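Peer 1:
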Amino acid sequence: MRGLRLPRSLSVHRPSRLSRYFVPLIAALAVLAVPSVASASVVTIEQLATARWSTPFQCPDGSAASNGLLIVQSQNFFDEATTPDPNPPISVTFRGQCPDGTFSWGAGQQTQLPTTQFDRDLAFVSVSGTYENVRDNRGGLHTVSVNANWTATGPAVTEDDGHGNWLIQRPAAATATIIFDGNTVVDGTANYPNHAPFIRVEACSY
Numbered sequence: 201m202r203g204l205r206l207p208r209s210l211s212v213h214r215p216s217r218l219s220r221y222f223v224p225l226i227a228a229l230a231v232l233a234v235p236s237v238a239s240a241s242v243v244t245i246e247q248l249a250t251a252r253w254s255t256p257f258q259c260p261d262g263s264a265a266s267n268g269l270l271i272v273q274s275q276n277f278f279d280e281a282t283t284p285d286p287n288p289p290i291s292v293t294f295r296g297q298c299p300d301g302t303f304s305w306g307a308g309q310q311t312q313l314p315t316t317q318f319d320r321d322l323a324f325v326s327v328s329g330t331y332e333n334v335r336d337n338r339g340g341l342h343t344v345s346v347n348a349n350w351t352a353t354g355p356a357v358t359e360d361d362g363h364g365n366w367l368i369q370r371p372a373a374a375t376a377t378i379i380f381d382g383n384t385v386v387d388g389t390a391n392y393p394n395h396a397p398f399i400r401v402e403a404c405s406y
C-alpha cells in the first residue's frame, strides 16, 4: 500500500508562492532606499584673497635680478555645516630668473600659525605671520615674514548656477610688507600687471 502524499500546497519542503515574491521585494526596496541617503550633497566653502607683486630681488650668488613674481594668498576651505578655521594658512610664493637659472621658494606649509581677519562682507582681509625653515628650490633655508592687507574697492559680483554652486567676489587693493632673511623684498601696493587683487567666497556642491 502506497503512503499518503501531501498535496503540493501543503508540502513542508516547498515555500509558499507568496513568500517567494515577498522576500525579493523587501530586498529591492532596501536597495532603492540607499541612493536617497548617499545623494545628499556636501557643500564646500572657499574663502580666498590673493594679490601679486613684481619685484627686484637678489639671487643666491649675490647678483641682482628684476621682475620676480611674488604671490600672497589667504585661502580657507571648510564644509558649510562646520566652523571655519579662524587662522587659515597664508601662502607666500616667489619665483624669479637668475643668470644661472630659476630661483623660487614658498612659505605657508610650515607649522607657525598666522593671524588672519577675513570680513564676512568681503570688505577687508588682513594676514600676518612669520615662517622659519622655508626651503628654496636650491636647498637653502630662509625666514619669511608677511604682513598683507586687502581693502575692497568695488561692489560684489555674484554668480549662482541654481544647483548649490555660487560665487561672490569683490575687486580690491592690496598692500604688503614681505621680509626675506631680514631684507625687505616687497613694501607697497600690489603692482603685477593684468592680475588685480580680489577677495572672494565660493561654494561648490558635490
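With this note's numbering applied, the sequence shown corresponds to residues 201 to 406, in that order.
For glycine and all other residues, C-beta sits at the position ideal for the given N, C-alpha and C.
Since the model is a prediction, treat every value here as computed from it, not as a measurement.
#1: Shortest alpha-carbon distance to T315 belongs to which of T384, S263 and S328?
#2: Decide yes or no for the touch test of the segment 343-350 against the segment 375-383: beta carbon pairs closer than 8 Å, at least 3 of them.
#3: Can you list, in chain order, the residues of its chain whose CB lies under 8 Å from that of S263, leaving out five sequence neighbours each side?
#4: Over the uninterrupted beta strand (DSSP E) stretch that includes Y392, give me the two end residues.
#5: Find the nearest neighbour of P393 within the set W253, L341, T244 and P284, judged by alpha-carbon distance.
#6: So the beta strand (DSSP E) R295 belongs to, where does it begin and stop?
#7: Does the Cβ of V357 have 16 or more other Cβ atoms within 10 Å, making it buried, or fewer, making it exposed?
#8: What residue range is occupied by the uninterrupted beta strand (DSSP E) comprising G262?
#9: Going by beta-carbon coordinates alone, are W366 and E402 separated by less than 9 Å?
#10: Give me the Cα-Cα distance between S405 and E246, rounded to the nearest whole angstrom.
#11: Per DSSP, what kind of secondary structure is E280 in: helix, strand or coil?
#12: Quick one: residues in its chain with C-beta nearer than 6 Å to the C-beta of G306, no 5 flanking neighbours on either side, listed in chain order?
#13: Candidates A352, S291 and P289: which alpha carbon is nearest R320's?
#14: What do you reckon, are the CB atoms on P288 and S274 nearer than 9 Å?
#15: Out of E359, H363, Q369 and G340, which one is the CA nearest neighbour of S304?
#16: Since V325 and I399 should fall inside the 8 Å C-beta cutoff, what is the C-beta to C-beta distance between them, to a whole number of angstroms?
#17: Starting from V357, trace the beta strand (DSSP E) both ways and give me its first and last residue.
#18: For my contact list, G301 and G268 are in at a C-beta cut-off of 8 Å; report their separation, rounded to the angstrom.
#19: Can you tell me whether R370 is buried or exposed, with buried defined as 16 or more other CB within 10 angstroms of its CB?
#20: If I measure Cβ to Cβ from H395 and keep anything under 7 Å in the same chain, skipping five residues before and after, which residues do I get?
Peer 2: Quick look at the numbers:
#1: S328
#2: yes
#3: Taken in chain order, the residues that qualify are C298 and P299.
#4: Counting along the chain, Y392 falls outside any beta strand (DSSP E), and DSSP gives it neither H nor E.
#5: Scanning W253, L341, T244 and P284 for the CA closest to the CA of P393 turns up W253.
#6: I290 to C298
#7: V357 should be labelled exposed.
#8: No beta strand (DSSP E) contains G262, which DSSP labels as neither H nor E.
#9: yes
#10: 12 Å
#11: coil
#12: Result list for G306: T293, in chain order.
#13: Comparing Cα positions, the closest option is A352.
#14: yes
#15: G340
#16: Contact between V325 and I399 holds: their C-beta atoms lie close to 6 Å from each other, under 8 Å.
#17: V357 to D360
#18: With 8 Å as the limit, G301 and G268 do not qualify as a contact, their Cβ atoms being about 14 Å apart.
#19: buried
#20: R252
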